[in-house]
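Heads up, the thing below is written out as structure tokens.
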Ligand code: BYC
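Numbering (my numbering), first residue to last: 4 to 320.
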């Protein structure tokens, strides 16, 4: 590959420094492109794999209203995956390649979706805590330096806010119900709190990508800064719900103006990221099966598009 001209490099650096957008047609360093493909693909895969834990409850929703809400939410996640795959395709990689990398274990997806959903309260907890963490992480990404990613995030964030509120509303309804329902909510929050904190990635000191990604304007906040924001946001919400967050070290620190909190089990995080979580094998196997079963649909759509294009050509000839 030939070396880029210094003008192109300067133009790129100046665009990033001005906090303007880099667009797909612009020159960009190969390492910047690779980092974006890694992060956006991981994000897209998370949205698609993230349909599984909640999808698990669609057939067992407690009422028609809850079923309609859950169906719509899971469908939204599929849409998010599609926006993100499209953003990734502008970087010269196809959705086929990305899916192959996911099912062959060469790309990651968020650790959170490797935990099982054991009760209907988990649907509410995922909305409240998992979508809540996603919003904290993703609102800053609306101003990320790569145009297609930032624009996809704007729409996704609007929908995620709605998802978070539906989760909170579901939990609030259960908290106003029976003792048994309240116990279900608490048990669910106890299981999801620490994995939700892990969604922000390893502590800054152990995050190999943060420094460079911040210099490029891909990330605008560090993992620890966003984790803190999430904890500060969640504590009053937990109080309003009447649930206890399972962290004995959690308390308000007047001096810092933030909550102090305990550390998640980072050894568990590493295990889950490396494929050893409770549901990793099941999630990837399910994705692989769905991809293979859907091959005929993709082939039919492609054949139809080709036939339409040929017919158009005949008309205009
Ligand atoms: N899980 O240097 P670091 C959703 C990896 S979907 C797995 O800090 P970076 C939703 C990381 O990839 C939510 N892996 O990395 C959907 C890296 O490994 P590689 C998805 C993780 O990229 C349905 C290594 O650890 N959100 O909300 O600077 C229903 C070192 O980390 C995780 C996004 O994807 C993890 N939790 O920062 C409901 C947001 N954390 O790739 C809800 C976009 C770290 O070098 N992504 N790793 O092999 C990001 O903001 C960043 O990629 C991260 C990590 C903050 C996650």
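Virtual Cβ for every residue (Gly too), placed ideally from N, Cα, C.
Where residue i falls, given that 16 or more other Cβ within 10 Å makes a residue buried
| i | result |
| --- | --- |
| residue 73 | buried |
| residue 310 | exposed |
| residue 120 | buried |
| residue 318 | exposed |
| residue 63 | exposed |
| residue 76 | buried |
| residue 261 | exposed |
| residue 180 | exposed |
| residue 141 | buried |
| residue 265 | exposed |
| residue 95 | exposed |
| residue 169 | buried |
Which of helix, strand or coil DSSP assigns to residue i
| i | result |
| --- | --- |
| residue 256 | strand |
| residue 263 | strand |
| residue 9 | helix |
| residue 96 | coil |
| residue 248 | coil |
| residue 81 | helix |
| residue 282 | coil |
| residue 181 | coil |
| residue 297 | coil |
| residue 320 | coil |
| residue 268 | coil |
Contact test: residue i Cβ vs ligand 3 heavy atom, cutoff 8 Å
| i | result |
| --- | --- |
| residue 53 | Within the structure as shown, ligand 3 is missing, the only ligands being ligand 1. |
Checklist line | Runs of alpha helix (DSSP H) lying entirely within the region 196 to 232, each at least 4 residues, in chain order | finding: 213 to 218
Notebook entry, point to check: If we count Cβ pairs, one from each stretch, closer than 8 Å, do we get three or more for the region 166 to 181 versus the region 119 to 135?
Noted result: Yes, they touch.
Margin query: Across the region 198 to 207 and the region 261 to 274, are there enough close Cβ pairs to call them in contact, namely three or more that are closer than 8 Å?
Written below: yes
Check: Which full runs of the alpha helix (DSSP H) of 4+ residues lie inside the region 100 to 154, going along the chain?
Finding: 124 to 128 and 134 to 141
Note to self: Contact between the region 226 to 233 and the region 189 to 203 is defined here as three or more beta-carbon pairs at a separation below 8 Å; is this criterion met?
What the structure shows: Yes, the region 226 to 233 touches the region 189 to 203.
Next item on the list: Report the residue ranges of all alpha helix (DSSP H) runs contained in full by the region 11 to 65; include only those spanning at least 4 residues, in chain order.
Entry: 33 to 52 and 54 to 58
Next item on the list: Please determine if the region 158 to 166 and the region 95 to 105 are in contact, where contact requires at least 3 C-beta pairs separated by less than 8 Å.
Entry: no
Margin query: For the region 271 to 285 against the region 111 to 118, do three or more pairs of beta-carbon atoms, one drawn from each stretch, fall closer than 8 Å, so that the two count as touching?
Written below: yes
Next item on the list: Kindly confirm or deny that the region 280 to 297 and the region 51 to 61 touch, where touching means at least three C-beta pairs closer than 8 Å.
Entry: yes
Note to self: I want to know whether the region 213 to 225 touches the region 183 to 198 - three or more CB-CB distances under 8 Å.
What the structure shows: no
Check: Can at least three beta-carbon pairs, one atom from the region 24 to 34 and one from the region 134 to 143, be found at a separation below 8 Å?
Finding: Output reads no: the region 134 to 143 does not touch the region 24 to 34.
Note to self: Using a Cβ distance threshold of 8 Å, determine whether the region 10 to 24 contacts the region 139 to 152, with at least three qualifying pairs required.
What the structure shows: With the cut-off at 8 Å, the region 10 to 24 and the region 139 to 152 touch.
Notebook entry, point to check: With a cut-off of 8 Å, do at least 3 Cβ pairs link the region 36 to 47 to the region 209 to 222?
Noted result: A contact between stretches requires three or more CB pairs, one per stretch, nearer than 8 Å, and the region 36 to 47 meets this requirement with the region 209 to 222.
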